[in-house]
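So for the sequence shown, our numbering puts the first residue at 6; every next one is plus one.
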Amino acid sequence: MNTYKRFAERIKGKADAVVAFSPINRRWLTNFKSTAGYVVVTPERCCLGVDFRYIEAAKKAGAEAGIEVFMYEKPLESLAKLLSDIGAETIGYEEEYMTVAQFKNFKNALGKYRYVGVSSFFTQERAVKEPFEIERMVKAQEITDKAFLYALSIIRTGMTERQLRNEIDTYFIKAGADGNAFESIVLSGENTSRPHGVPGDREFRTGDLILMDTGSMFDGYCSDMTRTVALGYIKDEAVEAYNAVLAAQEIALNSIKAGEKAAMMDKAARDVLASYGWTKEFGHSLGHGVGLEIHESPYQSTASKDILRPGNVVTVEPGVYFEGKFGIRIEDMVLVTEGGLRNFTGSKKQLIVV
Ligand SMILES: [Mn+2]
């Protein structure tokens with residue numbers, strides 16, 4: 006648990022105390038999950054405030070992590086007292102999370118301080134994963150890989166997108182996941198041309214492509230994988246598209262280098278697909294960071310300013326989509342390392358015909 010210590014280092018000279026209200030940032034700092042509460046981080050201390058519902062569990066978690074835990078009855082009054090005891094002058098807050106109303110109440114309760122937005126500190130620090138976070142993401146992806154094998158074993162003509170989606174989601178829970186990292190996408194036939202289509206009652210038919218974009222969550226951490234498989238047989242035009250997307254993905258994976266711009270990965274994949282004449286057919290970005298949230302920093306897109314750093318976990322997910330016909334996407338989730346990458350995804354990528 007080095008997250009709050011790293012964050013305490015990060016705020017030195019910028020804020021005397023940072024107050025985190027967002028569930029994700031609170032969890033990242035303390036490894037404790039609750040629907041309500043706040044965390045105060047100073048360069049020297051980390052304090053978690055919760056209400057009666059959470060105090061027993063929070064005390065235990067706090068003792069393990071070296072975090073001070075207290076119970077409040079009036080959250081903002083307790084916070085005001087704590088900040089005044091700390092002797093803070095500059096308070097960091099989550100400007101990308103708080104609503105205008107929340108910020109107003111917050112300032113009214115606390116009084117005269119200098120307020121600085123520190124959302125970008127959270128975004129940047131959370132993008133570099135600690136070993137305990139990597140372990141959880143490996144586990145989340147293992148469950149996702151197993152669910153994919155299970156899906157392959159039960160796909161048959163006449164099954165609907167929603168039925169397969171439900172099977173995958175149930176599998177996640179049975180395999181020990183918290184649940185889904187996001188709403189599973191299962192699409193078939195012409196529906197696969199919608200990159201984020203919603204599973205419906207369409208029945209699988211021989212000759213369909215079936216696209217599965219799924220991920221389990223384990224101990225709060227997400228996984229993300231997409232595979233596109235064929236049922237019975239596959240048309241030549243789809244084979245060509247599949248191999249092009251696979252080549253684009255491999256080249257993007259090989260382009261991963263700590264210290265490089267994330268936009269370079271996107272370009273590497275985009276150039277491959279453009280050589281087939283497919284530019285507008287790859288209409289989304291190459292990928293995104295993953296962690297406690299399914300979409301977080303760094304972003305692999307044309308416009309991204311992010312630089313890849315060791316410890317980043319990112320997706321690499323090129324695709325091509327032909328409206329009314331079919332779409333193909335292949336997505337892996339990988340860890341950026343000093344020397345290259347570690348691919349968490351174990352599922353086969355070569356074309357599968359079930
Ligand atoms: Mn993704």
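Glycine is no exception: its CB is placed at the ideal position from the N, C-alpha and C atoms.
Three-state class that DSSP yields for residue i in the structure shown
i: Thr175; result: helix
i: Tyr9; result: helix
i: Gly194; result: helix
i: Ile261; result: coil
i: Lys109; result: helix
i: Ser305; result: Inspection of the sequence shows that residue 305 is occupied by Gln rather than by Ser. Here Gln305 sits in strand by DSSP.
i: Phe187; result: coil
i: Leu297; result: coil
i: Asp337; result: strand
i: Ile357; result: coil
i: Glu166; result: helix
i: Leu214; result: strand
i: Val319; result: strand
i: Asn348; result: strand
i: Glu114; result: The sequence shown places Ala at residue 114, rather than the Glu named in the question. Helix at Ala114.
Beta-carbon contacts of residue i that lie in its chain and below 7 angstroms, excluding the five residues immediately before and after
i: His201; result: Ile190
i: Ile29; result: Leu297, Glu298
i: Ser27; result: Glu99, Tyr102
i: Lys151; result: Ala180
Own chain residues within Cβ distance below 6 angstroms of residue i, not counting five before or after
i: Gly292; result: Gln305, Val319, Thr320, Val321, Glu322
i: Cys51; result: Tyr9, Ile72
i: Glu349; result: Note that residue 349 is Phe in the sequence shown here, rather than Glu. The residues are Val143, Gln146, Met338.
i: Trp283; result: Val325
i: Pro204; result: Glu166, Arg167, Arg170, Val191
i: Phe209; result: Thr162, Met164, Ser193, Leu236
Buried/exposed call for residue i, threshold 16 Cβ in 10 Å
i: Gln146; result: buried
i: Tyr238; result: exposed
i: Ile178; result: exposed
i: Ala308; result: exposed
i: Lys19; result: exposed
i: Pro303; result: buried
i: Asn196; result: buried
i: Val45; result: buried
i: Lys408; result: The question about residue 408 has no answer, for the chain in this structure spans 6 to 359.
i: Phe137; result: exposed
i: Ser125; result: exposed
Heavy atom of ligand 1 within 7 angstroms of residue i beta-carbon
i: His289; result: no
i: Asp229; result: yes
i: His293; result: yes
i: Glu322; result: yes
Residue i: CB within 7 angstroms of a non-hydrogen atom of ligand 3
i: Glu336; result: Inclusion of ligand 3 in the displayed structure is not the case, the ligand content consisting of ligand 1 alone.
Own chain residues within Cβ distance below 8 angstroms of residue i, not counting five before or after
i: Asp183; result: Ser221, Met222, Phe223, Asp224, Gly225
i: Glu286; result: Leu278, Val325, Tyr326, Phe327
i: Phe187; result: Gly220, Cys227, Asp229, Ile299
Whole alpha helix (DSSP H) elements within the region 43 to 86, 4-residue minimum: 60 to 70
### 4-residue-minimum alpha helix (DSSP H) runs that sit fully inside the region 217 to 293, ordered along the chain
241 to 259, 267 to 279
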